[in-house]
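Numbering (this note's numbering), first residue to last: 13 to 263. Each residue gets a CB set at the ideal place from its N, CA and C atoms; glycine is no exception. Predicted, not measured: the structure shown is a model, and the values here were computed from it. Here's the structure we're looking at; comments come further down.
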C-alpha cells in the first residue's frame with residue numbers, strides 16, 4: 013500500500029479521531045462521559061447529567077437518538093448487542109454515533125454505551141478562500157447508513173435527494189441510499205452552485221438534469237440515467253431553476 017492510500021484508508025482516519033463516550037443507565041439517563049464528549053457536546057449549557065440523553069440534542073435530532081436506543085434495546089439480546097449506527101448533524105460538525113446495550117449475567121439491560129466520532133473532516137471540505145466564510149463546512153461526501161455500517165458517496169455522484177421526514181433518501185448512479193441527515197441539514201452543507209432545492213421534498217444536482225418540462229401550470233425535471241420519474245418543481249423555485257440552468261426566467 014502506498015503512502016497516499018494508507019493516509020486515505022478508513023483505518024488511518026479513525027486512528028486519528030478522538031472518540032466521545034457516554035454512559036447511560038437503563039432508563040437512558042446520562043451517568044458519565046469522557047473529556048472529549050464534554051468538549052464536543054454543549055454540556056455546560058444543557059447540564060445533561062442525571063437527565064435523559066436526548067436533553068442535550070437539538071430538537072430535530074431527538075427522534076433519531078430515541079430511535080437508535082429503541083433499536084439497540086429491542087429484540088434478542090444477541091442481536092441487540094450489535095452496535096447501532098447513525099449520523100447526526102450538529103452546527104459545524106457531523107457525528108457518527110454508535111450505541112450498544114449493556115447486560116448483566118442474565119442478559120437483562122443495565123444501561124447503554126453511546127460512542128461517537130467527529131467525521132466532519134471525512135465528509136466536508138473548506139469553502140474556497142475567495143468565498144465568504146460559511147456557518148457550516150461543505151459536504152463533498154454524503155454519509156449513508158445500511159446494515160449498521162456507514163459508507164460515503166461522493167456528492168458529484170448524487171443525482172437528487174428526497175425528504176423522508178427526519179431522514180433523506182439519496183439517489184446516486186448506483187441506486188437509492190438512506191441518509192440519517194435531514195434534507196435541511198444537507199441543503200445547508202451542499203454546494204449551492206451544484207445542488208438546488210426545487211421543492212420542499214427534493215434537492216436536485218443541476219449537473220444531472222436532463223429535461224425541464226411543464227404540464228399545465230406545473231413544472232418538473234427529469235434526471236439523467238435510468239431513473240426517469242419526473243421530480244416536481246415548486247412555483248416559487250421554477251424561475252430560479254430556469255436561471256440556474258442557463259435559461260431566461262419567464263415573466
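- Here residue 229 carries a coil assignment [DSSP, helix/strand/coil].
- Per the DSSP secondary-structure output, residue 223 pairs in a beta bridge with 234.
- Beyond the five residues adjoining it in sequence on each side, residue 234 comes within less than 6 Å, by CB distance, of 222, 223, 240 and 242 in the same chain, given in chain order.
- The C-beta of residue 238 has fewer than 16 other C-beta atoms within 10 Å across all chains shown, which makes the residue exposed.
- Residue range 170–176 is occupied by the beta strand (DSSP E) that includes residue 175, with no alpha helix (DSSP H) assigned at that position.
- The distance from the Cβ of residue 201 to that of residue 151 is about 4 Å, consistent with a contact at the 8 Å cut-off.
- In terms of CA proximity to residue 197, 176 leads the group 126, 176, 187 and 186.
- In terms of Cα proximity to residue 52, the closest of 29, 211 and 120 is 29.
- In the DSSP assignment, residue 161 falls within the beta strand (DSSP E) that extends over 161–166.
- When the alpha-carbon of residue 108 is set against those of 157, 71 and 40, the nearest one is in 157.
- According to DSSP, residue pairing for residue 97 in a beta bridge involves 110.
- Using a C-beta cut-off of 8 Å, the region 243–250 makes no contact with the region 187–195, since fewer than three inter-stretch Cβ pairs fall below that distance.
- Straight-line spacing of the CA atoms in residue 187 and residue 181 works out to 10 Å.
- Taking a C-beta distance under 7 Å as the contact criterion, residue 67 and residue 60 qualify as a contact pair.
- Rounded to whole angstroms, the gap between the alpha carbons of residue 117 and residue 154 is 40 Å.
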